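Worksheet for the structure shown next.
Protein chains in written order, with UniProt numbering: chain R, 1 to 251; chain E, 1 to 251; chain C, 1 to 251; chain Z, 1 to 251; chain B, 1 to 251; chain F, 1 to 251; chain Y, 1 to 251; chain D, 1 to 251.
Okay, here's the thing in structure tokens:
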């Protein structure tokens with residue numbers, strides 16, 4: 001191991017086996033060559049995330065995914081695979097029986113961790129029922145990252161009373177993920193009703209001039225309510241990571 | 001005049017000066033050749049519009065515009081020039097002292113018509129104060145077309161209580177023009193609150209990913225509230241014409 | 001029920017069981033908390049629309065749609081599902097035998113309402129025969145909303161005499177829905193021939209630089225005829241709602 | 001004032017001057033009609049934001065802005081005007097001598113508040129020196145919202161050692177605003193080095209295929225590091241509001 | 001038939017059965033109402049085109065196409081259906097045995113006309129072999145319109161000697177259709193080598209930043225060789241119609 | 001001169017001064033090395049075009065343009081400079097007094113050729129008066145190329161009777177250039193009325209969703225009338241070259 | 001053969017069978033007419049490339065590809081077919097048993113050349129494992145062109161230590177191909193770490209606002225590290241050709 | 001200086017002033033904290049580039065640029081500022097008299113280095129004269145990086161003989177920079193004529209559907225000639241850096 005090598009080098013300097021200039025030369029090469037050995041960076045990340053391993057299922061072979069999940073499961077008690085269709089899920093679950101497939105958000109979840117108390121504060125809101133798969137991708141991801149998640153679905157702005165009727169729930173949240181396709185107007189309205197961070201997720205729900213989610217993406221980037229951060233189209237996972245970081249900030 | 005010529009032809013047929021086949025041949029050429037002579041189409045349009053003459057000022061020379069307005073004023077008691085800057089206005093108003101320049105909506109208005117009772121029913125709403133020039137272009141145009149117009153400005157969705165506090169005014173209108181830039185979300189909310197036609201006007205207010213009004217345009221086309229018709233970016237004039245046609249429908 | 005609670009509160013104020021300040025405090029929370037209880041908004045909408053329930057079929061599971069239609073049918077005598085393919089239709093119609101599938105416009109229609117006299121005034125025009133599915137989506141929707149609908153199909157501008165030959169029909173309408181793909185030029189021509197509101201529906205008919213309907217969409221937004229409102233690509237449903245609102249305006 | 005009216009109503013109920021049903025009828029109309037009177041929403045927002053009044057300077061007349069700032073200064077001890085050029089600043093500062101113009105971020109700032117201890121935790125990073133105006137818009141805004149802000153400028157990924165040499169500073173932050181134009185790659189690298197929320201701000205710095213900031217915007221939305229929220233191009237202000245909400249979350 | 005009605009009217013005028021004013025009134029309505037009856041326009045077009053009937057197969061049902069072809073075949077001795085896949089072709093050819101399917105250009109051709117001498121002058125050139133389906137759509141269409149067509153395929157600019165080796169063939173043509181995907185550079189080179197009209201057809205051949213033909217389309221529109229007219233992506237048919245009009249111009 | 005060199009080589013072969021293999025070796029290098037010497041290509045082009053020299057003024061310095069025009073005027077009796085503003089024109093005309101500046105189409109024209117009889121057949125049509133600068137660029141260019149040109153301006157489709165009233169003029173043309181901005185619908189209508197080639201020129205006239213001419217460009221590429229070739233936005237010059245080639249085809 | 005003809009001509013000049021002027025006339029036509037005969041260009045290319053024959057499989061029929069490969073194999077000992085799916089591969093390999101199918105990069109490779117020592121210097125790097133198919137297309141192509149290739153996969157910028165840990169490998173390369181989808185940030189970082197040419201290949205890996213590879217394409221074009229050349233999305237083949245040309249430059 | 005500190009640490013270890021574990025702890029923090037101290041990376045880069053300091057002038061204040069150039073001139077004998085207008089140049093040159101302004105490529109150049117022999121091999125080619133500013137930016141940059149540069153201007157593909165007449169010059173180059181706007185077709189033709197690396201630079205020369213250089217950019221990315229690397233629109237500087245790296249590769 002690299003730390004050992006470095007220690008040896010220092011011992012050799014101490015004992016005079018190697019002179020200072022030669023040691024200096026070796027050390028100069030350290031920053032890039034031996035970074036893996038130090039690996040503070042990576043450990044640091046693991047420790048603070050509490051969530052080390054995620055796989056993007058889309059575009060991979062089912063067998064590949066199964067193999068990756070097996071290997072990851074050796075080091076980590078939580079593995080998440082996103083964008084998984086039923087066929088891929090069947091193959092992976094056959095090989096790894098304690099992996100669970102959630103078909104709505106198309107997630108494969110392995111969770112062997114001990115139950116701990118979840119941290120409350122994340123609310124996931126959708127404009128329509130068709131936005132639910134993306135919303136659930138966010139919600140399940142956030143839960144796996146030790147957050148407890150509330151859901152408020154189908155409160156789009158074309159029936160604004162549905163949202164206003166639950167405004168107290170908005171006010172309870174510490175961070176709100178708002179998932180919307182079509183006009184993508186919901187984050188602007190919610191952003192004006194609360195003072196906590198709002199994460200906007202455009203979805204590809206819609207047709208025609210939605211251009212596969214471009215319309216709500218632009219809407220959200222131009223939100224007239226300040227304090228709204230936007231993630232990629234259909235990226236429930238990314239929204240959950242950001243929300244979890246915010247929710248666990250200061251913990 | 002063409003009608004006269006046609007009458008002569010029929011008289012000649014009657015009197016036997018021309019035989020039926022020769023007359024038939026002349027008539028076959030009528031639809032395209034002599035359309036100007038008939039001009040039902042155009043008169044028809046004038047009668048029903050009550051608003052014959054509009055000039056797009058942008059891209060023309062001030063002198064050209066002055067000359068056009070003079071000529072139009074000979075036939076029509078109302079002339080409207082849109083997208084006029086102060087320099088053009090100064091030149092036109094010098095030549096035509098009864099032309100009025102409205103600087104906010106950048107309109108030149110000539111109105112020598114007799115005062116008549118305006119038809120109520122049009123409400124113009126804006127999301128922000130920066131949308132007012134486009135809104136006023138719509139409002140002044142609609143007024144010139146014999147509609148009385150109510151205004152409700154600066155009620156954007158990021159402060160939804162401003163809109164909801166005036167919902168009764170929304171319910172009084174027969175047709176609503178909603179003007180919004182940035183996220184363009186307001187028509188979706190209003191479309192869900194009313195059952196009258198909503199005309200959405202995206203504006204180029206904003207910056208960055210607004211892409212000069214593309215963002216609110218797409219938002220409005222994807223409105224999750226049905227019953228919303230969209231016009232071109234910053235096209236307050238076009239919205240007013242459509243609103244006036246709706247408001248005066250059945251009159 | 002919320003109204004009851006509010007009544008109780010007032011009775012308590014009246015009887016002195018609760019003092020004015022405490023009651024005031026409770027009332028302050030009303031606007032958002034208890035909106036569902038008041039629900040004027042929603043009832044208002046139902047009453048005036050005469051058409052409460054629409055489902056977007058696309059992107060849902062057939063079983064989901066069947067369940068939703070069943071539930072809606074308990075409260076409403078009319079249900080419409082849009083963007084339904086044959087497979088979904090078969091499943092829904094098996095469970096709900098009085099639901100009718102219209103394959104051209106891909107609509108599922110449940111209509112248990114009593115026959116009433118339809119309101120005349122809506123004309124649906126297409127540029128080509130390939131635009132008919134979208135046109136029929138508009139026409140069937142408008143009919144279900146108690147309008148009688150006339151159709152004028154395949155009168156695109158490349159054979160302008162086809163349109164001009166039926167110009168009297170255009171002049172009879174109170175509102176005209178114009179459906180066109182490819183160059184999307186028809187609404188400009190019709191907009192110049194009539195003085196009633198024109199609703200333009202771009203379709204994804206075409207290929208190459210049509211970019212799935214972007215070309216006719218832009219054409220229609222830039223129409224040199226004023227008084228044209230545009231809806232989303234292929235959105236026959238939305239055009240019908242807007243047309244119905246215009247047609248029934250003032251009724 | 002509206003609260004007074006409501007109190008009167010309750011007093012009348014108590015005294016029997018008005019019966020319960022009539023009072024009920026008046027109350028039913030409350031949610032929309034009298035919302036301004038209640039204004040919980042707005043007060044609520046003011047209290048938690050500690051930052052009530054912002055004006056977008058761009059597109060307004062200098063005199064308008066001066067008038068708005070005067071009016072706002074009557075109610076609020078902090079006013080911020082964004083996107084202000086030198087000419088506008090001169091006019092406003094002449095009328096309001098305690099308004100300060102910051103030329104790099106093009107901000108007008110009025111701050112009459114008492115000095116309080118700022119909340120540490122926000123780090124603003126830029127890829128290049130040309131991104132500094134946007135970064136300073138973010139930093140000054142965040143400071144005005146009672147956050148203390150650290151700056152790390154000109155650490156773009158093409159000289160990755162500049163960033164890595166200061167990684168400890170990254171690890172100290174509670175939320176990081178990353179401002180970058182051109183390739184917009186910096187948020188991805190930083191997002192992988194930290195576990196706190198990252199707010200990415202694309203800038204219009206660049207030329208050609210940057211398409212006025214579209215390139216870095218897309219880069220950031222597609223960041224391969226999760227936990228990155230994106231705001232509009234050049235929107236330093238919006239990033240600051242989001243960062244402040246995150247930084248003060250739980251306070 | 002309408003001409004008959006018009007003749008009757010004139011006869012009635014002649015005989016005094018109807019007076020001149022009543023006849024005038026009927027004639028005023030002619031231009032739009034009875035245009036079909038006159039149909040000069042349409043006959044005119046047929047006569048000069050020598051090619052009256054074309055059907056876009058794409059997006060239609062095979063049975064629909066079969067029915068349309070049958071009906072058209074009653075009036076016209078040439079029918080062309082474009083964008084036809086094998087399945088549609090099988091069904092149509094079963095019902096109409098003298099219809100021929102050309103699989104490369106995906107055309108259905110019915111040609112019962114008497115052989116006449118073709119007019120020489122059209123040359124169809126492609127950049128690559130993958131552009132051949134579009135090129136053949138053009139060539140077969142032009143042949144059906146009584147032009148004889150030469151072909152020069154696979155002479156793209158990356159091997160410029162292939163084109164230059166056949167430059168005499170270019171110089172023989174009266175009009176040249178150039179079909180190219182990917183970089184779409186060929187029309188610029190050919191446009192500089194000849195002085196006859198060049199019709200450029202971009203194809204969707206390519207991948208990635210070709211964006212389904214957008215790249216060659218823009219290339220061709222920006223051709224540094226003047227005298228190049230561009231048609232829609234993959235529109236071999238349209239290019240052929242234009243080329244035929246040019247080739248037969250003055251005949 | 002190169003031809004001389006080649007002749008010398010052959011003389012040397014004939015006289016035996018150089019053997020066949022050495023001559024062969026020299027000849028192998030000919031096609032690329034000495035092409036200028038042969039220059040058939042270029043002469044060929046000059047002869048057939050009758051119009052050798054055009055300069056794009058935009059983006060050049062006035063002095064540069066003056067120098068280029070001077071040099072070209074030594075070899076050619078006709079020089080055309082396109083996209084010239086008044087300042088550039090003043091400088092060039094001072095140095096070259098027989099150069100004429102046409103301000104509407106922004107062209108500098110030098111024509112010292114002997115008057116010859118122009119070839120009739122080109123018609124230039126515009127949708128609006130704002131399209132005239134582009135139309136005149138086309139018309140003047142075509143005239144300089146020895147065509148006589150007819151003009152039909154301001155016959156846009158929103159007043160279709162204006163066009164139909166002059167349909168005989170359309171039928172007289174051998175090739176028609178149609179110039180239109182905004183919706184760009186006019187070429188589709190004209191394409192359906194005539195059987196001669198139509199060249200469509202989109203213009204940047206318009207605003208908002210015209211996107212500087214993208215809207216009419218797409219409209220024209222998707223024209224439902226076949227036989228329409230499109231050139232670049234505002235490219236009146238290119239349209240004229242193509243029209244001239246068509247008009248003089250077969251001469 | 002053409003050289004022979006040219007030789008004969010010279011012999012005839014020498015012997016006096018043909019005079020100099022007649023020979024001159026024949027030679028004048030050479031550059032275009034007989035280029036194939038000379039074909040220096042093409043031979044030249046073959047000699048220096050060492051890699052004459054490549055076929056784009058996509059969009060062709062398997063039988064066509066098999067036939068093309070057979071024909072090419074007669075003249076060339078190396079044939080490469082790109083973008084080949086399994087079905088096409090099966091058919092081709094059945095007919096040509098010594099063709100090898102590489103399924104990851106979807107390449108068909110025929111290599112009957114004698115083993116020679118490969119030229120070291122090319123390094124292929126990917127951001128993620130999903131970029132491997134494109135990377136392998138590059139690597140296998142480069143190997144077939146006589147380069148030895150090193151691979152460094154899955155070192156994306158979100159885990160920058162992975163890349164930095166192998167920086168010595170970067171420094172060993174003479175040219176580096178960097179393959180990345182999503183944010184496409186890796187070339188910017190690598191471009192800053194090395195001083196050799198970097199070829200950036202955007203991939204269509206990603207979803208949503210990746211817009212099929214547009215996002216990384218723009219990122220790479222805007223790279224803040226100079227010295228980066230970009231090829232088309234997913235174009236591993238093109239990157240390999242460029243890298244090979246660079247790597248073998250000066251050999 | 002950091003190297004000194006590291007040396008001290010090792011001396012202390014050697015002398016026993018600090019024990020191995022404490023030293024180890026300090027070293028673990030090195031990679032990120034003290035990277036500047038090591039700075040191999042940066043020195044490495046300087047050594048191999050021979051060209052350390054470049055400033056993007058655009059978007060900076062003249063005074064800022066003057067100050068930056070002064071500071072850089074203390075460490076480096078060559079400084080280059082790109083995208084500089086005349087006004088900025090005047091100010092900088094007043095303060096730094098040995099800075100030279102090249103107005104065509106808009107470059108400020110400071111070169112106090114001793115004359116050395118330039119490395120031949122780079123050829124810069126343009127399609128038109130309007131592409132010269134970008135070409136000169138490339139050429140001057142490459143010369144400053146110790147390359148000798150040949151130029152071949154105005155050889156666009158619409159007059160292909162101009163290029164072919166100089167093909168020997170193409171064949172002499174070791175790397176070719178091809179600069180082209182409008183259709184951007186030149187790199188495809190040159191890429192097919194040579195076997196050395198080609199760097200394509202799209203320019204914003206053109207109008208309309210050039211979309212400020214998007215058209216030639218896409219053309220070049222889709223080049224049917226392999227071996228072409230593309231840089232940003234108008235990025236002559238970047239092309240030069242890449243060309244210099246290739247040209248000096250292996251030196």
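Note that beta-carbon positions come from the ideal geometry of N, C-alpha and C, so glycine has one too.
Since this is a predicted model, take the numbers as computed values, not measurements.
Interfacial residues, the region 171-188 of chain E to chain C, with Cβ spacing under 9 Å: If the cut-off is 9 Å between Cβ atoms, the region 171-188 of chain E has 171, 174 and 175 near chain C.
For residue 187 of chain Z versus residue 136 of chain Z, is the C-beta distance shorter than 7 Å? To locate residue 187 of chain Z, count along the fourth chain from 1; it is residue 187. To locate residue 136 of chain Z, count along the fourth chain from 1; it is residue 136. Not in contact: residue 187 of chain Z and residue 136 of chain Z (Cβ atoms no closer than 7 Å).
Going by DSSP in three states, residue 212 of chain E sits in which element: helix, strand or coil? As a first step, residue 212 of chain E must be located in the second chain, where it is residue number 212. Three-state result, residue 212 of chain E: helix.
Going by the CB atoms, is the gap between residue 10 of chain R and residue 20 of chain D shorter than 7 Å? Here residue 20 of chain D refers to the residue found at position 20 when the eighth chain is read from its first residue. Here residue 10 of chain R refers to the residue found at position 10 when the first chain is read from its first residue. The Cβ atoms of residue 20 of chain D and residue 10 of chain R lie closer than 7 Å to each other.
Pairwise C-alpha distance: residue 215 of chain R and residue 147 of chain Z: The residue given as residue 147 of chain Z occupies position 147 in the fourth chain. The residue given as residue 215 of chain R occupies position 215 in the first chain. Between residue 147 of chain Z and residue 215 of chain R, the C-alpha separation is close to 34 Å.
Around the Cβ of residue 127 of chain B, are there at least 16 other Cβ atoms within 10 angstroms (buried) or fewer (exposed)? Working through the fifth chain from its first residue, we reach residue 127 of chain B at position 127. By the neighbour-count rule (16 or more Cβ atoms within 10 Å), residue 127 of chain B is buried.
Does chain B have any CB closer than 7 Å to the CB of residue 234 of chain F? For the purposes of this step, residue 234 of chain F is taken as the residue at position 234 of the sixth chain. Output row for residue 234 of chain F: interface = no.
Rank Z:177, Z:80 and Z:122 by C-alpha distance to the C-alpha of residue 109 of chain Z and give the top, closest one. Within the fourth chain, the letter at position 109 stands for residue 109 of chain Z. Ranking Z:177, Z:80 and Z:122 by CA distance to the CA of residue 109 of chain Z puts Z:80 first.
Along the chain, where does the alpha helix (DSSP H) that runs through residue 232 of chain E open and close? If you number the second chain from 1, residue 232 of chain E lands on position 232. Going by DSSP, residue 232 of chain E is part of no alpha helix (DSSP H) at all; its letter is neither H nor E.
Assumed close pair residue 130 of chain R, residue 56 of chain C - CB separation to whole angstroms, cut-off 8 Å: Here residue 130 of chain R refers to the residue found at position 130 of the first chain. Here residue 56 of chain C refers to the residue found at position 56 of the third chain. Contact flag correct, Cβ pair sits at about 7 Å.
For the putative contact between residue 177 of chain R and residue 199 of chain R, defined by C-beta atoms under 8 Å, what is the C-beta separation to the nearest angstrom? Locating residue 177 of chain R in the first chain gives position 177, where the first residue counts as 1. Locating residue 199 of chain R in the first chain gives position 199, where the first residue counts as 1. That pair is a contact at about 5 Å.
With DSSP as the reference, label residue 189 of chain Z as helix, strand or coil. Translated into positions along the fourth chain, residue 189 of chain Z becomes position 189. In the three-state DSSP reduction, residue 189 of chain Z falls in the helix class (H, G or I).
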